[in-house]
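Numbering (the numbering used here), first residue to last: 24 to 344. Ideal placement from N, C-alpha and C gives every residue a C-beta, glycine not left out. Everything numeric in this text was worked out from a predicted model, so none of it was measured. First the structure, in the form of structure tokens, and then the observations on it.
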């Protein structure tokens with residue numbers, strides 16, 4: 024009887040110790056995310072990932088994607104850290120961008136994630152750090168990212184292999200009073216995706232389309248003019264006023280915004296950029312797209328009436344775990 028009681032005591036003691044050791048074991052990592060909202064004038068769009076174990080900040084990531092994707096012949100869809108490490112994003116400073124970003128992150132971790140401990144910046148850091156801290160504050164105030172099924176990291180996907188040549192588009196330059204041509208270009212869609220803890224937390228779709236900011240009328244159509252008073256020649260788009268020495272040739276539909284000229288003809292009065300953003304928001308919320316119908320359209324995706332086959336195809340290229 025006494026022997027059995029001793030055995031029972033040791034079994035209970037062992038279980039208590041096991042529970043205690045489990046409770047004292049390493050905390051599970053949780054990840055927090057925030058990103059900037061891209062606009063038609065964006066270049067690099069930044070995001071931040073914060074890793075915490077318990078209440079302790081143990082890691083962070085600071086990076087950015089370029090909204091021109093591989094239409095930008097310099098970066099070709101690379102994220103900013105990768106472009107910096109490859110020696111392509113060159114600030115002509117003693118430290119490369121990614122090296123300076125690492126110093127900012129190290130300071131942030133050492134300060135236990137204090138978003139108010141920004142100054143002084145670490146020695147050797149000349150880049151603007153306010154973007155990092157602003158996003159870090161938003162990330163830390165957010166719910167942790169749930170687990171998902173995709174491969175972590177930045178994924179740039181492009182349909183450039185299926186590109187089709189687009190004819191040049193002509194504009195009337197009201198300042199220089201001359202016709203300006205975009206030249207021909209290869210038209211295709213591309214996308215940037217960020218995956219954290221297996222979930223798509225950022226999606227961005229864009230399409231290569233050359234053009235200039237134009238005068239858009241109240242109905243949402245680009246204003247056309249007869250620049251040569253010749254009824255035999257077609258009317259051309261009226262370029263918007265500009266303050267630089269020359270107008271800037273834009274390379275994508277999202278940069279053109281309403282100057283792409285689809286708003287007037289759209290049944291929901293939204294241009295390509297707004298619909299591309301709506302598709303991206305749907306993907307982040309639902310982690311997948313519905314199959315497109317025979318017309319290449321989404322059914323049940325609010326705010327998207329344009330042909331969505333490219334969006335679907337790009338999503339399918341995001342690697343799973």
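Integer Cβ distance of residue i from residue j, believed to fall under 8 Å
| i | j | result |
| --- | --- | --- |
| residue 72 | residue 83 | 7 Å |
| residue 281 | residue 243 | 7 Å |
| residue 245 | residue 284 | 4 Å |
| residue 233 | residue 272 | 6 Å |
Distance between residue j and residue i (C-alpha atoms, nearest Å)
| i | j | result |
| --- | --- | --- |
| residue 46 | residue 130 | Note that residue 46 scores a pLDDT of 46, beneath 50, so its modelled location is shaky; the value from the coordinates is reported in the next line. Their backbone Cα atoms lie some 30 Å apart in a straight line. |
| residue 147 | residue 113 | 15 Å |
| residue 231 | residue 265 | 22 Å |
| residue 199 | residue 262 | 11 Å |
| residue 169 | residue 289 | 36 Å |
| residue 196 | residue 90 | 26 Å |
| residue 310 | residue 222 | 7 Å |
| residue 96 | residue 50 | 44 Å |
| residue 177 | residue 250 | 46 Å |
| residue 278 | residue 62 | 8 Å |
| residue 143 | residue 127 | 10 Å |
| residue 293 | residue 327 | 9 Å |
| residue 160 | residue 69 | 14 Å |
| residue 258 | residue 204 | 13 Å |
| residue 322 | residue 218 | 25 Å |
| residue 104 | residue 206 | 32 Å |
| residue 139 | residue 157 | 10 Å |
| residue 201 | residue 315 | 43 Å |
| residue 296 | residue 312 | 18 Å |
| residue 247 | residue 260 | 5 Å |
| residue 220 | residue 337 | 20 Å |
| residue 153 | residue 85 | 12 Å |
Residues that residue i bridges to, as DSSP identifies them
| i | result |
| --- | --- |
| residue 248 | 259 |
| residue 52 | 76 |
| residue 179 | 215 |
| residue 189 | 208 |
| residue 231 | 275 |
| residue 194 | 203 and 260 |
| residue 88 | 68 |
7 Å Cβ cutoff met for residue i and residue j
| i | j | result |
| --- | --- | --- |
| residue 340 | residue 180 | yes |
| residue 320 | residue 302 | no |
| residue 107 | residue 120 | yes |
| residue 56 | residue 74 | no |
Quiz item: Mind pulling the alpha helix (DSSP H) runs of 4 or more residues that sit fully within the region 275-343?
Solution: You should have 276-279, 295-309 and 332-339.
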